Every structure is written in C-alpha cells, then in structure tokens.
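Working notes, structure below.
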Ligand SMILES: Nc1nc2c(ncn2[C@@H]2O[C@H](COP(=O)(O)OP(=O)(O)O)[C@@H](O)[C@H]2O)c(=O)[nH]1
Ligand SMILES: [Mg+2]
C-alpha cells in the first residue's frame, strides 16, 4: 500500500532536527513519489518556515504538521457518496488510457452501488479493444447486471444511445459506461469520448452526472498530463485510483487534487470484485505518512 515518504523518522534522525538537508531530502522523496514540484512546495514551504522560526525539534510535531498540510490539500472530510437523487438514470462515464483498470473498476463499482441498493446497467462502449465486450459481459453475468452491447468495432455512440433508451424503459437507476482507452491517436479518442458526451446530453438533457477518470497509481508524473488532457475535454468529476495494492507511493493523488482540483472518489486495491472503497482522505494520509 501507499507510502509517500519511505522513512520519515530515519530522515529526521539522520539530519538531526531542523537541518535544511532534512527538508531538501524530504522534498526529493515527495517528488520521487510523484508529487509535482508545485505540490511538494505547497506541502513543505510553510511548514519548513514555521519549523525554522519556532525551532521545532520534535519529530511527532513535525510529522503532524506535514500531515495536516496534506489533509488540507485533500479537502479533508468524510468520503463522498455519489448522490443520484432526482437524476434517473444517473449516468457515469468511465474514461482513461488503456490498461489502467477501467473495465475491472466498472465491475467493482457496479458491485458497490448494487450493494447500496441501486439498479445498475452497463454500456459496453469499448467496441475497440479485442475481448472488451466479453470481459464486461463476464462481470455482468456474475453480478446479475444487464450489459448493453453491439458488435466489435461498432459505433460506441450507438451503444450509449441504446443503453439510455433501455435504462429509461427498464427504470434503471444508474448506467455505467465503459469506454475505449486507445484509438489510432489520442485526439481520436478524445473526439470519440466527446461524441459520447454529446449523445448523453441529447438523450437526458444534461452532461453525464459523473465523468470518472481511471488512473493507475503506478503511473508516474505523467498521470498529471493524462488527467489534464481528459479534464480539459470532458470535465472530469472524479478519479478512480486503481492498483493501490501495488508498491506505488500514492503521491499522484495529491498532485491531481492540488494542481487540477479533481478529487479521488474511489480506490481499488486488488483483482477481486469487492476490492473497492470510497476514497477516505483520513485513512489515506495515515497510510502515506506513519
Ligand atoms: N492488482 C490489481 N490489479 C488491477 C486493479 N485494477 C485493475 N487491475 C488489473 O489491471 C489489468 C487491466 O485492467 P482493465 O480493467 O482491463 O483495464 P482497462 O484497459 O482500463 O479496461 C487487469 O489485469 C486487471 O485485473 C487493482 O486494483 N489491483
Ligand atoms: Mg477495458
């Protein structure tokens, strides 16, 4: 699981107290953990100044100051549940590059929302990748959830169109849309996703209720530019952070929240269908720095 700074107490002891080298090394650690330079500055600058001014020499005090700063960046609060009130069907568009975990996250999210009592439908709008339709159908069968699909290489927009019609007819609460991660070029992919968004808007008179961008927590600083591109085109409302069970250090969460103001809403941590939770900033910060 995540660990932003491998060994904070080791660093502290090595450089003894408020030594500038402690802060330089800490900054380096943050950047190695995929925290952007801007965000690392945001976490450390004020804290460093405060510690110098007040001659803070207690390890726990310094640790808590850093944690507080990180909590502030994450808008410290209770995990936010998705509020579907008054929007039926509630539309969740799931996007992201190839292999990050879109399709498996959709299975997990369906499981979670179904457990909360919602009636779910899945739209298999990744018509591009080989076996993508079969993959989501497999999960749908397992969960007893209907998967609307067309043939491979068919128009993803048409799948979305049919799904919404079917969801309305069947009084479905939430439609979750799987999408492709790779087209011939990334501008093709964005155009395709924008077209899906327009179709949703035309069908329900509003944009998708959630646009969830899936980010693999092993992706380095590059995850920020991925998020920027998708956000600019599609107005991302939240992140699903996947593969938290890996050795990733989790700093990308802070970067995306601080630099782009996109909150992480869900986190997945394994290959089983129940390996998903609402993102809890409090727990996350405790994991990051202990
Ligand atoms: N260990 C682990 N593997 C995951 C997690 N989420 C997805 N995967 C794996 O990542 C691979 C790609 O997932 P997939 O959903 O097909 O990605 P997509 O191309 O974005 O739809 C699959 O082998 C998944 O089992 C996770 O939270 N933990
Ligand atoms: Mg997929």
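Numbering (my numbering), first residue to last: 7 to 296. Where a beta carbon is used, it is the ideal one built from N, C-alpha and C, also for glycine. Predicted model, so just to flag it, every value in this text is computed and none were measured.
- Per DSSP, residue 277 is not a residue of any beta strand (DSSP E), being assigned neither H nor E.
- Beta-bridge partners of residue 152 (DSSP): 127.
- Using a Cβ-Cβ distance cut-off of 8 Å, the stretch 240 to 253 and the stretch 127 to 138 are not in contact, since fewer than three pairs of beta carbons, one from each stretch, lie closer than that value.
- In the DSSP secondary-structure assignment, residue 284 is bridged to 272.
- A straight-line Cα-Cα distance of about 30 Å links residue 141 and residue 257.
- Sequence-distant Cβ neighbours of residue 74 in its own chain, meaning closer than 7 Å and more than five residues away, do not exist here.
- Cβ-Cβ distances below 6 Å link residue 113 to 145 and 279 in the same chain, with the five nearest sequence neighbours on each side left out; the list follows chain order.
- Inter-segment contact for the stretch 155 to 162 and the stretch 99 to 109 is absent: fewer than three beta-carbon pairs are separated by less than 8 Å.
- Between the stretch 178 to 188 and the stretch 56 to 71 there are fewer than three C-beta pairs closer than 8 Å, too few to call the two in contact.
- Residue 216: member of the beta strand (DSSP E) spanning 216 to 222, first to last residue.
- Less than 9 Å separates the beta-carbon of residue 282 from that of residue 272.
- For residue 172, same chain residues with a beta-carbon under 8 Å away, outside a window of 5 residues either side, are 127, 152, 154 and 178 in chain order.
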